[in-house]
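One structure below.
Protein chains: 2
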Amino acid sequence: MQNIFANISENNKCKLLKTLEANTYYYKKNEEISIKNDNTIGVILSGLIEIIKIDYDGNRTLVEEYVEDEVFGNMFTPIQSNDESIMVRDDSKIIFFDFEEILDSSLDKSYYIQFLKNILLIINEKLQEKNERLEILTKKSIRNKLLEYFRIMAKKHGSKYVYLPFNFTDLAAYLVIDRSAMAREMKYLKEEGFIEIKGKRITLLYDL
Amino acid sequence: MQNIFANISENNKCKLLKTLEANTYYYKKNEEISIKNDNTIGVILSGLIEIIKIDYDGNRTLVEEYVEDEVFGNMFTPIQSNDESIMVRDDSKIIFFDFEEILDSSLDKSYYIQFLKNILLIINEKLQEKNERLEILTKKSIRNKLLEYFRIMAKKHGSKYVYLPFNFTDLAAYLVIDRSAMAREMKYLKEEGFIEIKGKRITLLYDL
DNA sequence: AATGCATTGTTGCATTTGCAACATTTTAGA
DNA sequence: TCTAAAATGTTGCAAATGCAACAATGCATT
Numbered sequence: 024m025q026n027i028f029a030n031i032s033e034n035n036k037c038k039l040l041k042t043l044e045a046n047t048y049y050y051k052k053n054e055e056i057s058i059k060n061d062n063t064i065g066v067i068l069s070g071l072i073e074i075i076k077i078d079y080d081g082n083r084t085l086v087e088e089y090v091e092d093e094v095f096g097n098m099f100t101p102i103q104s105n106d107e108s109i110m111v112r113d114d115s116k117i118i119f120f121d122f123e124e125i126l127d128s129s130l131d132k133s134y135y136i137q138f139l140k141n142i143l144l145i146i147n148e149k150l151q152e153k154n155e156r157l158e159i160l161t162k163k164s165i166r167n168k169l170l171e172y173f174r175i176m177a178k179k180h181g182s183k184y185v186y187l188p189f190n191f192t193d194l195a196a197y198l199v200i201d202r203s204a205m206a207r208e209m210k211y212l213k214e215e216g217f218i219e220i221k222g223k224r225i226t227l228l229y230d231l
Numbered sequence: 024m025q026n027i028f029a030n031i032s033e034n035n036k037c038k039l040l041k042t043l044e045a046n047t048y049y050y051k052k053n054e055e056i057s058i059k060n061d062n063t064i065g066v067i068l069s070g071l072i073e074i075i076k077i078d079y080d081g082n083r084t085l086v087e088e089y090v091e092d093e094v095f096g097n098m099f100t101p102i103q104s105n106d107e108s109i110m111v112r113d114d115s116k117i118i119f120f121d122f123e124e125i126l127d128s129s130l131d132k133s134y135y136i137q138f139l140k141n142i143l144l145i146i147n148e149k150l151q152e153k154n155e156r157l158e159i160l161t162k163k164s165i166r167n168k169l170l171e172y173f174r175i176m177a178k179k180h181g182s183k184y185v186y187l188p189f190n191f192t193d194l195a196a197y198l199v200i201d202r203s204a205m206a207r208e209m210k211y212l213k214e215e216g217f218i219e220i221k222g223k224r225i226t227l228l229y230d231l
């Protein structure tokens, strides 16, 4: 994962923050972060935050989670509606940039060029994540969504093993399918000898 | 839509192309373009190309279409499988860059900085397109997908009118739903007084 | 170890959606 | 202008999926 300050010295980083009017904020656990501006880019220096969705029953599902060095904001994952919010799960320290500000700057220092390249890499990473999810969501059946998800994950790890990064409930939300329907389909996949499941490790028994 | 050469003089553009080893190719109508490298970025100088998907029956559906000044490549819309291909619809002139090459360059000219900023804006535009489609595809019912699509389109035009940029068959493919099921749901929406349809113009009759 | 909460597994049933087939209308090209 | 192909509208029916409800299991906190 690309670090936004990669290959920039501490000294130049300070200059950059000053020029781009970036501000650092501190949040306590369980605070809610509200981002006013669609162009705001948050960088987590320390801590843990998550975007959660609360449905009409009050059930919380995880939409996304961000840890140290990760970048978030409406540019990357828009807060879709008023049932979604950004919550601080561990005390956190966050720097906020403004994307317009970054682009409008007429700096021509080499550390500024490096910063632009870093952001380009980060946005590209985000784009690839979206592409992955779209590849999955453009499959019509639950079975094909699961198989596409497995294919992508297995490819990433370069093996026939898939290690789920979240629990089944959150996986179903990510795939936009009903959890129980997913469990049913997984049972069929097991019965038909396509996969084996041991905890969070899934083994693919077919040719990749 | 952002132009990749915006605010770069013809002269500097030439230097850029040379430094980044960008090559220009000419394609005839109905040729197929094959992109070897995942990092390749194509810029259409003139002409028209499209990504099409051919299903087992030989039916072609439009995945995406690119015209003059637009940018394409696997970074932006990955060719998912061997049933998708990039076809040239009108004679076209295309420049190819390599994303790695662009980032690895140690140029520090102002026109290079401008070029990086332009690409940043383009990738950001692509990211927003993906976010939009994801907002739609994360809705569970056909009705909610349609309403979300209408909401986004109406917001863009700043009015209660939605002008479909493609035909209903392609719209169904974009929303990943069955065409006839979509037609049925649209009929219900009309009957229930939510929308009015006249050709490619849809009027939203509810509060936005 | 005990308690309570979250996660997972399972199943019947209702509903939605996809699919197929066909009629009708529109569009593009000769 | 004519013709063929593409797009659209419509419907019955089958299949897939969501939903609800509940049991079983796992997990964390005291």
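Taken in order, these protein sequences are the chains called A and B. Letter by letter, the first sequence follows residues 24 to 231 of my numbering. Letter by letter, the second sequence follows residues 24 to 231 of my numbering. Quick reminder that beta carbons are idealized off the backbone N, C-alpha and C, glycines included. Quantities reported herein were computed from a predicted structural model and do not represent experimental measurements.
Notebook entry, point to check: What does a CB cutoff of less than 8 Å around Glu219 of chain B pick up in its chain, not counting 5 residues either side in sequence?
Noted result: Counted from its first residue, the second sequence places residue 219 of chain B at position 196. The beta carbon of Glu219 of chain B sits closer than 8 Å to those of Lys213, Ile225, Thr226, Leu228, all from its chain and outside the five residues before and after it, given in chain order.
Note to self: Tell me which residues of the segment 116 to 131 of chain B have at least one Cβ-Cβ distance to chain A shorter than 7 Å, keeping chain order.
What the structure shows: Flagged, chain order: Leu126, Asp131.
Margin query: Is it buried or exposed, Met205 of chain A, if we count other Cβ atoms within 10 angstroms and call 16 or more buried?
Written below: Sequence index remark: in the first sequence, residue 205 of chain A carries index 182 (1-based). When all chains shown are included, Met205 of chain A counts as buried.
Notebook entry, point to check: Comparing the C-beta of Leu160 of chain B with each C-beta of chain A, is any distance below 8 Å?
Noted result: As a first step, residue 160 of chain B is located in the second sequence; it is residue number 137 there, counting from the start. Interface with chain A (8 Å Cβ-Cβ cutoff): Leu160 of chain B is included.
Note to self: Quick check: Asn15 of chain B and Met24 of chain A, are their CB atoms within less than 8 Å of each other?
What the structure shows: Because residue 15 of chain B is not part of the residues shown, which for chain B are 24 to 231, the question remains open.
Next item on the list: Can you tell me which of the three DSSP states Thr42 of chain A falls into?
Entry: Position 19 of the first sequence, counted from the first residue, corresponds to residue 42 of chain A. DSSP places Thr42 of chain A in helix when its eight states are reduced to three.
Note to self: Output needed in chain order: residues of the segment 141 to 156 of chain B with a Cβ under 8 Å from some Cβ in chain A.
What the structure shows: Answer in chain order: Ile142, Leu143, Leu144, Ile146, Asn147, Lys149, Leu150, Gln151, Lys153, Asn154, Arg156.
Next item on the list: Only counting runs of 3 or more residues, tell me where the beta strand (DSSP E) segments fall wholly within the segment 147 to 221 of chain B, in order along the chain.
Entry: Counting whole runs of 3 or more residues, the segment 147 to 221 of chain B contains the beta strand (DSSP E) stretches 184 to 186, 218 to 221.
Margin query: Please report whether the beta-carbon of Met205 of chain B lies at a distance below 8 Å from any beta-carbon of chain A.
Written below: As a working mapping, residue 205 of chain B is identified with position 182 in the second sequence. With its beta carbon at least 8 Å from every one in chain A, Met205 of chain B lies outside the interface.
Checklist line | 6 Å CB neighbourhood of Lys36 of chain B in its chain, flanking five on each side removed | finding: Counting from 1 along the second sequence, the entry for residue 36 of chain B is found at position 13. For Lys36 of chain B, where only same-chain residues beyond five positions count, the Cβ hits under 6 Å are Phe28.
Check: Which residues in chain A sit within 8 Å of Lys163 of chain B, going by Cβ to Cβ distance?
Finding: As a first step, residue 163 of chain B must be located in the second sequence, where it is residue number 140. Contacts between Lys163 of chain B and chain A, judged by CB atoms closer than 8 Å, involve Val199 in chain order.
Notebook entry, point to check: Is it true that the CB of Ile56 of chain B sits closer than 8 Å to the CB of Ile111 of chain B?
Noted result: Position 88 of the second sequence, counted from the start, is the residue given in the question as residue 111 of chain B. Position 33 of the second sequence, counted from the start, is the residue given in the question as residue 56 of chain B. The question names Ile, yet the displayed sequence has Val at residue 111 of chain B. Against a cut-off of 8 Å, the Cβ pair of Ile56 of chain B and Val111 of chain B comes out as a contact.
Next item on the list: Flag this pair as yes or no: are the beta carbons of Val86 of chain A and Lys76 of chain A separated by less than 8 Å?
Entry: Translated into the one-based positions of the first sequence, residue 86 of chain A becomes position 63. Translated into the one-based positions of the first sequence, residue 76 of chain A becomes position 53. Against a cut-off of 8 Å, the Cβ pair of Lys76 of chain A and Val86 of chain A comes out as a contact.
Note to self: I want to see whether chain A comes within less than 8 Å of Leu231 of chain B, judged by CB atoms only; does it?
What the structure shows: Here residue 231 of chain B refers to the residue found at position 208 of the second sequence. Taking 8 Å as the CB threshold, Leu231 of chain B stays off the interface with chain A.
Margin query: Taking CB distances under 8 Å as the criterion, tell me whether Ser133 of chain B reaches chain A.
Written below: Counted from its first residue, the second sequence places residue 133 of chain B at position 110. Put simply, the CB of Ser133 of chain B is near chain A, with a gap under 8 Å to one of its CB atoms.
Notebook entry, point to check: Under a Cβ-count criterion, where at least 16 other Cβ atoms within 10 Å of its own Cβ denotes burial, should Glu208 of chain A be classed as buried or exposed?
Noted result: As a first step, residue 208 of chain A is located in the first sequence; it is residue number 185 there, counting from the start. By the neighbour-count rule (16 or more Cβ atoms within 10 Å), Glu208 of chain A is buried.
Next item on the list: Would you please verify whether the beta carbon of Pro101 of chain A is less than 8 Å from any beta carbon of chain B?
Entry: The residue given as residue 101 of chain A occupies position 78 in the first sequence. Yes, its Cβ sits closer than 8 Å to a Cβ of chain B.
Next item on the list: Tell me, please, whether the CB atom of Met98 of chain A is closer than 8 Å to any CB atom in chain B?
Entry: Here the question's residue 98 of chain A lines up with position 75 in the first sequence. With 8 Å as the cut-off, Met98 of chain A counts as an interface residue toward chain B.
Margin query: Quick check: the Cα distance between Glu44 of chain B and Phe120 of chain B, rounded to an integer number of angstroms?
Written below: The count along the second sequence starts at 1 and reaches residue 44 of chain B at position 21. The count along the second sequence starts at 1 and reaches residue 120 of chain B at position 97. Going by the C-alpha atoms only, they are around 7 Å apart.
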